DNA sequence: TCGAATTACATAGGTTTCCTATGTATTCTG
DNA sequence: CAGAATACATAGGAAACCTATGTAATTCGA
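Residue numbers (my numbering), protein chains in the order written: chain Z, 5 to 149; chain F, 5 to 149.
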């Protein structure tokens, strides 16, 4: 991983990632909310602070995101029976449906655009996700893996 | 490109791209400005509207970005001699230095985090960039390629 | 050649997403 | 049981977007 290209590739990764995010933002209502729905789907019910840690954002940011999602009826919040300080956020049925809908939209968007570039393969898409996942995973967490 | 996984992969691509963008945003002062510097480096002097098209953002957004970069001394703007309506935005020496500095920071950030995941290769990084580039390229443009 | 479309950019106004700092309530701990 | 730590909320503010619209310059057709 010390090829001279890495410099340029890293820069390109950042630039095109930002471009993708903006592309999605124009097509979706709640770009930030999706990430939360996705995390809840993956991990099950979590508290606000745990969600913030999982999404690598600040706790107040997650508080705001959860509030918006609750307003939309996509998550609900209940007191944590084991700790009265905290709460547990979980998907509602509507939230699950919304997550499915968004994933379909994302899939269509990505698939359509990839289809215009026949050179790209599913393997490369998988590699892209793996790389992004690796880069965005806190080194201190995944050390054991 | 019609594997059942594509759905999930596309969603993951979006989620992790957003996470990377936020990661970079926390480490950099002018996350949006970098893209402009990079475009100018790649294409040479351009007008605001051409820059906006290249970056796939709205013209007012680019007007704002250019104004911020000019305040920082990283670009300068001169009237377009061939068209008095428009202007030409170009990198200054300070802008070139800043671009180099940022690329180094990005490279270090990406490289360090990838290093924690020995399974990932430079080829995968290149594939990730290729996929992101393909997805973020307007299908109507790249049709000839 | 003169007025109408077009084009380049600026401005106005507003939204979303995110951050730091700080406050309040609850739970651990010595 | 008091103090430290923890979970979440609130306050205040900034960056980066967007759409709609205005102004000046250019192009083009009658």
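No residue lacks a Cβ here, since even glycine has one placed at the ideal position from N, Cα and C.
Just so we're clear, the structure is a prediction, and the values are computed from it rather than from any experiment.
Residue 65 of chain F and residue 54 of chain F have their C-alpha atoms some 12 Å from each other. Three or more Cβ pairs closer than 8 Å define a contact, and the stretch 61-76 of chain Z meets that threshold against the stretch 23-42 of chain Z. When the alpha-carbon of residue 92 of chain F is set against those of F:98, F:99, F:83, the nearest one is in F:83.
Three or more Cβ pairs closer than 8 Å define a contact, and the stretch 105-123 of chain F meets that threshold against the stretch 13-24 of chain Z. Around the beta carbon of residue 101 of chain F, a 10 Å sphere encloses fewer than 16 other beta carbons of the protein chains shown; the residue is thus reported as exposed.
The beta carbon of residue 34 of chain Z is closer than 8 Å to those of 72, 73, 76 in its chain, skipping five residues each way along the sequence.
Following the DSSP letters along the chain, one finds residue 82 of chain F inside the beta strand (DSSP E) bounded by residues 79-83.
Residue 54 of chain Z has a beta carbon lying at 9 Å or more from every beta carbon in chain F. Assigned with DSSP and collapsed to three states, residue 62 of chain F falls in coil, not helix or strand.
Counting C-beta atoms within 10 angstroms of its own C-beta, residue 56 of chain F has 16 or more neighbours from the protein chains shown and is therefore classed as buried. For residue 35 of chain F, the C-beta contacts it makes with chain Z under 9 Å involve 18, 22, in order along the chain. Nearest CB-CB separation between residue 44 of chain Z and chain F: not below the 9 Å threshold.
Of the candidates F:121, F:29, F:107, the residue whose Cα lies closest to the Cα of residue 45 of chain F is F:107. Excluding five sequence positions before and after residue 109 of chain Z, the CB atoms of its chain that fall closer than 8 Å to its own CB belong to 31, 32, given in chain order. Between residue 24 of chain Z and residue 136 of chain F, the C-beta spacing is below 9 Å. In terms of CA proximity to residue 80 of chain F, F:96 leads the group F:67, F:96, F:90. Using a CB distance cut-off of 9 Å, residue 138 of chain F counts as an interface residue toward chain Z.
Between the alpha carbons of residue 10 of chain F and residue 29 of chain Z lies a distance of about 20 Å. Chain order gives the chain Z residues near residue 128 of chain F as 131, 134, 135, where near means a beta carbon separation below 7 Å. Interface with chain F (9 Å Cβ-Cβ cutoff): residue 93 of chain Z is excluded.
Each of F:120, F:47, F:26 was checked against the Cα of residue 94 of chain F, and the nearest Cα belongs to F:47. Under the DSSP assignment, residue 44 of chain F falls in the alpha helix (DSSP H) whose first and last residues are 35-47. Under the 9 Å criterion on CB atoms, residue 108 of chain Z is classed as interfacial with respect to chain F. Look at residue 81 of chain F: its C-beta is not under 9 Å from any C-beta on chain Z.
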